[in-house]
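**Q** One structure, as structure tokens, below. Some questions next.
2 protein chains.
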Amino acid sequence: MTLHSDLTHSLAEAEALCARKGVSLTPIRKRVLELLLDADGPVKAYDLLAQLKPGAGAAQPPTVYRALDFLVSTGLAHKVESLNAYTACIHGEEAGGPVLFICEKCGAVQEQHAHAKLKDMPEGFQLTRSVVEHYGLCANCQAA
Amino acid sequence: MTLHSDLTHSLAEAEALCARKGVSLTPIRKRVLELLLDADGPVKAYDLLAQLKPGAGAAQPPTVYRALDFLVSTGLAHKVESLNAYTACIHGEEAGGPVLFICEKCGAVQEQHAHAKLKDMPEGFQLTRSVVEHYGLCANCQAA
DNA sequence: TGTATCTTGTTATTGTATTACACTTGAGGG
DNA sequence: CCCTCAAGTGTAATACAATAACAAGATACA
Ligand SMILES: [Zn+2]
Ligand SMILES: [Zn+2]
Ligand SMILES: [Zn+2]
Ligand SMILES: [Zn+2]
């Protein structure tokens, strides 16, 4: 595993958040979150699965999907719907839903949390959740 | 097939748009668009497939996926990424990308086209395409 | 007629996600 | 201490979504 300077920091934050919420960050869930944090961009479920199972007892799909469901439901990770992939949340318990900016060249994801603006919402529509995923070129990839 | 008052109208518009673009709305593509227009909400590819193949010569997945790719690329339909489903575009060649409001109760989709607001975009990010899918309760479903 | 391009048919495969059921573990409550 | 319940995990099979690869027909046009 690559050493990220703030990896343990983020894991520690995750522990704290789970404690506050009264849910348990079990070893499997923690390991999956670690893999997401360690990745350069969104990761596919079966790639996580492959990384989980170098050992003898090969992990099966439900194992990783259950961990991902947990991480997404607690806000520790997000699903990138348009990629069928998952990414660790780099924010804490910020208000609003995730807004993702995904570079089509290098795959990097920059994340914000924001409340959807109600400006052009249909009359009477009661918003509960939004999927917002922007694609383009990140600043680094503009040079080329 | 249910009779929609503006179904043929929309199909006629689709024909006109294809003519303008110099692409051909073949029978298969037209049939798939018809099914999308006729549906109450987003439709899954394999459901379209099932509706296509009541006849003897059973259609295969590539048939419907190719038709969908065509419709999406010409702007006649949109893919709902968070549902793995497809919906007919109810606008013409409006500017901006699709913004979908999806009712979690009745499944109805209300669509707008809009340019993403650049307000909180990361520094130097060059936007090319956005996926925006809002979930909630539509006005009709509020009463219950 | 030849030939290039677009469209469709067909078979097989890959990729993504869930169902269902068995098993373990740990926390209360008698 | 034993019982029971709930949460989490293991495992096998399956369902659902999408694509690859190649053959075959159709159209346009030199
Ligand atoms: Zn986040
Ligand atoms: Zn980039
Ligand atoms: Zn549209
Ligand atoms: Zn509704």
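Chains A and B, in that order, give the protein sequences.
Every position in the first sequence, counted from 1, becomes a number in the working numbering once 236 is added.
Every position in the second sequence, counted from 1, becomes a number in the working numbering once 236 is added.
Positions of the beta carbon are idealized from the N, C-alpha and C atoms, including for glycine.
(1) Quick one, are the C-beta atoms of A318 (chain B) and V367 (chain A) less than 9 Å apart?
(2) Can you list the residues near ligand 6, meaning Cβ strictly closer than 5 Å to any non-hydrogen atom, in the order they appear in the chain?
(3) From which residue to which residue does the alpha helix (DSSP H) around K266 (chain A) run?
(4) For L219 (chain B), I'd like the list of residues in its chain whose CB is within less than 7 Å of its CB, leaving aside the five on either flank, ordered along the chain.
(5) Could you tell me the distance, in whole angstroms, from the CA atom of G372 (chain B) to the CA atom of P297 (chain A)?
(6) Shorter than 8 Å, the distance from the beta carbon of H370 (chain B) to the closest heavy atom of ligand 3, or not?
(7) Tell me the start and end of each unbroken beta strand (DSSP E) in the region 309-360 of chain A that is at least 3 residues and wholly inside, in chain order.
(8) For E347 (chain A) versus T323 (chain A), is the C-beta spacing smaller than 9 Å?
(9) Which residue from B:G343, B:F361, B:A344, B:E330 puts its Cα closest to that of H351 (chain B)?
(10) Output yes if chain A places a C-beta closer than 9 Å to the C-beta of H370 (chain B); else output no.
(11) Rounded to whole angstroms, what's the CA-CA distance from P290 (chain A) to P263 (chain A)? Just pull it up for me.
(12) With DSSP as the reference, label Q296 (chain A) as helix, strand or coil.
(13) When the Cα of L247 (chain A) is compared with those of A:C325, A:L285, A:L363, which residue comes out closest?
(14) Closer than 8 Å: is that where the CB of L373 (chain A) sits relative to any heavy atom of ligand 2?
(15) Starting from A375 (chain A) and walking both ways along the alpha helix (DSSP H), at which residues does that stretch end?
(16) If you draw a straight line from the C-alpha of A295 (chain B) to the C-alpha of K280 (chain B), how long is it?
(17) R400 (chain B) to V335 (chain B), Cα distance in whole Å?
(18) Following a CB-centred definition, is H351 (chain A) positioned closer than 8 Å to any heavy atom of ligand 3?
(19) Alpha carbon to alpha carbon, what distance is there between C342 (chain B) and A380 (chain B)?
(20) Quick one: is P334 (chain A) near chain B, going by C-beta distance under 9 Å?
(21) What residues from chain B crowd round T323 (chain A), counting only those whose CB sits closer than 9 Å?
(22) Using beta carbons (cut-off 9 Å, strictly below), is G360 (chain B) in contact with chain A?
**A** Straight from the coordinates:
(1) Correcting the residue identity first, residue 318 (chain B) is Ser in this sequence and not Ala. Their beta carbons are under 9 Å apart, which means S318 (chain B) touches V367 (chain A) by this criterion.
(2) In the structure on display, ligand 6 does not appear, and the ligands it does have are ligand 1, ligand 2, ligand 3 and ligand 4.
(3) Judged by DSSP secondary structure, K266 (chain A) falls within the alpha helix (DSSP H) whose first and last residues are 263-274.
(4) Because residue 219 (chain B) is not part of the residues shown, which for chain B are 237 to 380, the question remains open.
(5) Their Cα atoms are separated by approximately 30 Å.
(6) H370 (chain B) has its CB no nearer than 8 Å to any heavy atom of ligand 3.
(7) Here the runs fully enclosed are 313-316, 321-324, 333-339, 345-350.
(8) For E347 (chain A) and T323 (chain A), yes; Cβs fall inside 9 Å.
(9) Put simply, of B:G343, B:F361, B:A344, B:E330 the residue whose alpha carbon is nearest the alpha carbon of H351 (chain B) is B:E330.
(10) Interface annotation, H370 (chain B): in contact with chain A, CB-CB separation under 9 Å.
(11) Distance between the alpha carbons of P290 (chain A) and P263 (chain A) is about 16 Å.
(12) Q296 (chain A): coil per DSSP, three-state reduction.
(13) Ranking A:C325, A:L285, A:L363 by CA distance to the CA of L247 (chain A) puts A:C325 first.
(14) For ligand 2, at least one heavy atom lies less than 8 Å from the Cβ of L373 (chain A).
(15) Taken as a continuous stretch (DSSP letters only), the alpha helix (DSSP H) holding A375 (chain A) covers 375-378.
(16) Taking the straight line joining both Cα atoms gives about 15 Å.
(17) Residue coverage of chain B in this structure runs from 237 to 380, which leaves residue 400 (chain B) outside it and unanswerable.
(18) Checking every heavy atom of ligand 3 against the Cβ of H351 (chain A), none is found closer than 8 Å.
(19) Between the C-alpha atoms of A380 (chain B) and C342 (chain B) there is a straight-line separation of about 11 Å.
(20) So, not an interface residue.
(21) Simply none; closest approach about 14 Å.
(22) Output row for G360 (chain B): interface = yes.
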